[in-house]
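Numbering (our numbering), first residue to last: 1 to 247.
C-beta: ideal position from N, C-alpha, C; glycine also.
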Amino acid sequence: MSDQRRLATEVSRFSVLLHERGWVANHDGNVSARTSGGFLITPTAVSKRLCAPDTIVRCDAAGSPVTRGGRPPSEVALHVGVYEARSDVQAVLHAHPPYASAFALAGRPLPPVSMPEVFVSLGEHIPMMARVLPKDPSAQAHAAQAVAHADVALMAGNGVLTVGPDLETAYLRLELLEHYCRILAIVQGGVGAPEPLSDAERAHLLDLRVKAGLHRGPVVPPVARAAQADLRQVVAEEVRRALGEAK
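Here it is, written out as structure tokens:
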């Protein structure tokens, strides 16, 4: 079996798995994996339940199909944006797991992560990507921005985007995000509010995340962030005072 065929088999396998988990329906969602010079992606207008290696579409780096047969999905720009922005990413998943998608559909950003396992694996902050529609030319730039310092993102009014060094990791990140959002929905639905981490706890978890090679972007200790916030508040108060005296 060629490497391309093996990868197409993996793309189709995870597509079927998304359907079995109830994270996609009808023709929605898409799965891709990087190849030399482009990527393989699930076709448009085909249920993820029915995706097979022969249905997977081979695209160039710009998202255009390079073989006859199926066509790439209308959200192919999401994948193009991610692969251009992140050379380390080898797989991209877009799906609509119910709990995470509920937060996305409501345009409701997740609070800073306070669950240790999720903090280490996904980071303290889960970004909310701007709303984009199918075939929206801005989708490529918005996707690139969303994953610049994160491996998972909610998509406002839509669902979830996850990335990884392979399909398994991208899938596990999707699974963890959905699990966490389900817990959050239960907590916020009547149990109470998530108890925030202390600065010391956040610093400890950030250190674990950095040592695991999972953190992206600058490492700003919680105490430093608090100091920066205090400084911004002082500056804002001084500006307001100066404006008041000028009247």
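Closest to residue i by CA distance: which of the options is it?
i    : options                   : result
V113 : L177, A148 and H94        : L177
T44  : H204, A25, A141 and S101  : A25
V163 : I186, A193, F14 and A91   : A91
E175 : P196, V187, Q188 and D151 : D151
M115 : V82, S101, Y180 and G159  : Y180
D28  : F119, L167, G37 and V16   : V16
R13  : G81, A146, G69 and Y171   : Y171
E117 : R173, L40, L50 and G22    : R173
L40  : G22, T9, K48 and L50      : T9
P165 : T42, D88, V82 and R49     : D88
Alpha carbon to alpha carbon, how far is residue i from residue j?
i    : j    : result
V191 : D60  : 49 angstroms
E124 : H215 : 10 angstroms
Q4   : T35  : 8 angstroms
A224 : A144 : Low per-residue confidence applies at A224: pLDDT is 49, beneath 50, and the placement is therefore not dependable enough to give any value.
H96  : L133 : 14 angstroms
D136 : A200 : 43 angstroms
E20  : H204 : 37 angstroms
A104 : R131 : 9 angstroms
M193 : V187 : The sequence as given places Ala at residue 193; Met does not occur at that position. Taking the straight line from one Cα to the other gives about 6 angstroms.
R249 : A185 : Because the chain here runs from 1 to 247, residue 249 falls outside it and cannot be looked at.
D54  : L110 : 38 angstroms
M128 : N30  : 19 angstroms
V56  : T67  : Just to set this straight, residue 56 is Ile in the shown sequence, not Val. Spanning the two alpha carbons is a distance of roughly 10 angstroms.
Y99  : R182 : 5 angstroms
F119 : L93  : 20 angstroms
V46  : L7   : 19 angstroms
A212 : G189 : 33 angstroms
L197 : L206 : 12 angstroms
P218 : G38  : 29 angstroms
A156 : A141 : 15 angstroms
H79  : R202 : 32 angstroms
L18  : A52  : 14 angstroms
I126 : L154 : 7 angstroms
G22  : V11  : 17 angstroms
A62  : A106 : 31 angstroms
A227 : G69  : For A227, the pLDDT reaches just 47, beneath the cut-off of 50, and the residue's location in the model is therefore unreliable, leaving the point undetermined.
T42  : T169 : 18 angstroms
Please determine whether the Cβ atom of residue i lies at a distance below 7 angstroms from any heavy atom of the ligand SAH.
i    : result
R209 : Questions concerning the ligand SAH fall outside what the structure shown contains, since it holds no ligand whatsoever.
What residue does the alpha helix (DSSP H) around residue i start on, and which one ends it?
i    : result
A139 : A139 to A146
A25  : Where A25 is concerned, there is no enclosing alpha helix (DSSP H), given that its DSSP letter is neither H nor E.
V132 : Element bounds for V132: n/a, residue is neither H nor E.
S12  : D3 to E20
For my contact list, residue i and residue j are in at a C-beta cut-off of 8 angstroms; report their separation, rounded to the angstrom.
i    : j    : result
A139 : E75  : 7 angstroms
G159 : S101 : 5 angstroms
P72  : P65  : 6 angstroms
R86  : V147 : 6 angstroms
L167 : A33  : 6 angstroms
May I have a chain-ordered list of the beta strand (DSSP E) segments no shorter than 3 residues that lie completely inside the region 29-84? 30-35, 38-41 and 57-60
Only counting runs of 4 or more residues, tell me where the alpha helix (DSSP H) segments fall wholly within the region 148-220, in order along the chain. 167-186 and 199-211
Unbroken beta strand (DSSP E) runs of length 3 or more, entirely within the region 86-124: which are they? 91-95
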